[in-house]
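Asker: Numbering (our numbering), first residue to last: 1 to 90.
C-beta: ideal position from N, C-alpha, C; glycine also.
Structure in structure tokens, see below.
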């Protein structure tokens, strides 16, 4: 079973891309993970970029092991999520 542990892997899955390099090229015409992350974080039209790349938010973090691994690597106890009563604000 392939584990997806970072945002780039999740974006690949959610956009139907075959690899991170395809994701990087299709989003920002780059092969550098560092440049991709920088441009992604600073993108003022990210919604348009996601739509153009067929992003399906319903697929993001849908694989339980990937989400649990992300929480663990970020130091977020799973019980914290269950204690949230209000929706997170943007």
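Using alpha carbons as the reference points, say which of 30, 26, 41 and 44 lies closest to residue 54.
Answerer: For residue 54, the nearest C-alpha among the options comes from 26.
Asker: Taking only the alpha-carbon atoms, compute the straight-line gap between residue 14 and residue 58 and give it to the nearest angstrom.
Answerer: Roughly 8 Å between the two C-alpha positions.
Asker: Compute the Euclidean distance between the alpha carbons of residue 62 and residue 30, then round it to the nearest angstrom.
Answerer: The alpha-carbon atoms of residue 62 and residue 30 are separated by roughly 27 Å.
Asker: Hey, quick one: how far does the alpha helix (DSSP H) through residue 46 stretch, first residue to last?
Answerer: Taken as a continuous stretch (DSSP letters only), the alpha helix (DSSP H) holding residue 46 covers 46-52.
Asker: Less than 6 Å between C-beta atoms, sequence neighbours within five positions excluded: which residues of the same chain meet that for residue 96?
Answerer: With the chain covering 1 to 90 only, the question about residue 96 has no answer from this structure.
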